[in-house]
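Participant: Numbering (the numbering used here), first residue to last: 16 to 192.
Note that CB positions come from ideal geometry on N, CA and C, so glycine has one too.
Structure in structure tokens, see below.
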């Protein structure tokens with residue numbers, strides 16, 4: 016099962032690479048066309064914007080899985096194992112609540128988005144903003160799985176260290192800015 020999950024996240028990472036590359040290529044080609052040939056592709060502005068939306072929300076799920084989101088690691092690092100577990104439980108409960116509200120908000124907004132279409136491509140805006148379903152559900156599922164492992168005592172020291180920001184190499188710290 017873990018192998019299937021890892022393959023799914025590898026697919027998401029490849030999708031992120033595709034979206035970022037596609038966005039960069041579309042913008043670059045459009046800039047060249049505008050300045051060199053005094054023309055442009057109207058579809059590239061719209062699609063690069065949609066690629067950015069999807070890139071951001073898919074990346075949020077991947078980042079959450081890898082403990083890459085911003086946290087108060089300096090405070091959590093002060094606690095021992097039990098304190099970190101309590102902080103991690105509270106954190107995951109908050110994430111479940113916020114992600115659930117995000118999913119529900121996407122659901123409530125869907126009829127409005129489905130009734131609108133993009134000006135250039137004609138694409139239903141439900142396809143653009145429907146990514147909220149993936150992000151909301153993805154974060155809830157990850158947080159629920161972590162919560163179950165926390166409550167049943169199956170959380171590893173490596174996960175607690177990642178949650179507290181103690182597992183990072185210098186290269187990883189420099190990447191986080």
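Among residues of its own chain, excluding the 5 on either side of residue 157, which ones have a beta-carbon nearer than 7 Å to its beta-carbon?
Facilitator: Within the chain shown, the letter at position 142 stands for residue 157. For residue 157, where only same-chain residues beyond five positions count, the Cβ hits under 7 Å are 79 and 80.
Participant: Please report the straight-line C-alpha distance between residue 144 and residue 27, rounded to a whole angstrom.
Facilitator: Residue numbering aside, residue 144 sits at position 129 when the chain shown is read from its first letter. Residue numbering aside, residue 27 sits at position 12 when the chain shown is read from its first letter. Straight-line Cα distance between these residues: approximately 18 Å.
Participant: Does DSSP put residue 139 in a helix, in a strand, or in coil?
Facilitator: Along the chain shown, read from residue 1 onward, the residue named residue 139 stands at position 124. In the structure shown, residue 139 sits in a strand (DSSP, three-state: E or B).
Participant: How big is the Cα-Cα spacing for residue 104 and residue 45?
Facilitator: In the chain shown, the residue the question calls residue 104 occupies position 89. In the chain shown, the residue the question calls residue 45 occupies position 30. C-alpha separation (whole angstroms): 47 Å.
Participant: Strictly by DSSP, which residues pair up with residue 132?
Facilitator: Against the chain shown, residue 132 aligns to sequence position 117. DSSP output for residue 132 lists 139 as bridge partner(s).
Participant: Using DSSP with H/G/I as helix, E/B as strand and the rest coil, what is residue 92?
Facilitator: As a working note, residue 92 is residue 77 in the chain shown. Coil, per DSSP.
Participant: Less than 7 Å between the C-beta atoms of residue 63 and residue 85, yes or no?
Facilitator: Reading the chain shown from its first residue, position 48 is the one you call residue 63. Reading the chain shown from its first residue, position 70 is the one you call residue 85. Not in contact: residue 63 and residue 85 (Cβ atoms no closer than 7 Å).
Participant: DSSP on residue 60, reduced to helix/strand/coil?
Facilitator: Along the chain shown, one-based indexing puts residue 60 at 45. Three-state result, residue 60: helix.
Participant: Would you tell me roughly how many angstroms separate the C-alpha atoms of residue 140 and residue 67, rounded to the nearest one?
Facilitator: Taking the chain shown and counting its residues from 1, one reaches residue 140 at position 125. Taking the chain shown and counting its residues from 1, one reaches residue 67 at position 52. Rounded to whole angstroms, residue 140 to residue 67 spans 14 Å at the Cα level.
Participant: Okay, do the segment 153-169 and the segment 119-134 touch, 3+ Cβ pairs below 8 Å being the bar?
Facilitator: no
Participant: Give me the residue from 37, 115 and 100 with the minimum Cα distance to residue 176.
Facilitator: For the purposes of this step, residue 176 is identified with residue 161 of the chain shown, where counting begins at 1. Measuring from the Cα of residue 176, the nearest candidate turns out to be 100.
Participant: If you draw a straight line from the alpha carbon of residue 131 to that of residue 146, how long is it in whole angstroms?
Facilitator: Your numbering for residue 131 matches position 116 in the chain shown. Your numbering for residue 146 matches position 131 in the chain shown. Rounded to the nearest angstrom, the two C-alpha atoms are 16 Å apart.
Participant: Please return the same chain residues whose Cβ sits closer than 7 Å to the Cβ of residue 82, not counting the five positions on each side in sequence.
Facilitator: Reading the chain shown from its first residue, position 67 is the one you call residue 82. Beyond the five residues adjoining it in sequence on each side, residue 82 comes within less than 7 Å, by CB distance, of 177 and 178 in the same chain, given in chain order.
Participant: Any idea what DSSP makes of residue 114, helix, strand or coil?
Facilitator: Walking along the chain shown from the start, residue 114 turns up at place 99. Three-state DSSP puts residue 114 in a helix.
Participant: Could you pull the start and end residues of the alpha helix (DSSP H) that residue 47 belongs to?
Facilitator: On the chain shown, residue 47 is found 32 positions in, with the first residue counted as 1. For residue 47, the enclosing alpha helix (DSSP H) begins and ends at 17-52.
Participant: Take the Cβ of residue 38 as the centre, count every other Cβ of all protein chains shown within 10 Å, and call the residue buried at 16 or more, exposed below.
Facilitator: On the chain shown, residue 38 is found 23 positions in, with the first residue counted as 1. Residue 38 should be labelled buried.
Participant: When you compare the CB positions of residue 114 and residue 87, do they come within less than 7 Å of one another, or not?
Facilitator: Locating residue 114 in the chain shown gives position 99, where the first residue counts as 1. Locating residue 87 in the chain shown gives position 72, where the first residue counts as 1. Not closer than 7 Å, so no.
Participant: Who are the near neighbours of residue 74 in its chain, counting only those whose CB is closer than 8 Å to its CB and skipping five residues on each side?
Facilitator: Mapped onto the chain shown, residue 74 falls at position 59. Only 31 meet the Cβ criterion.
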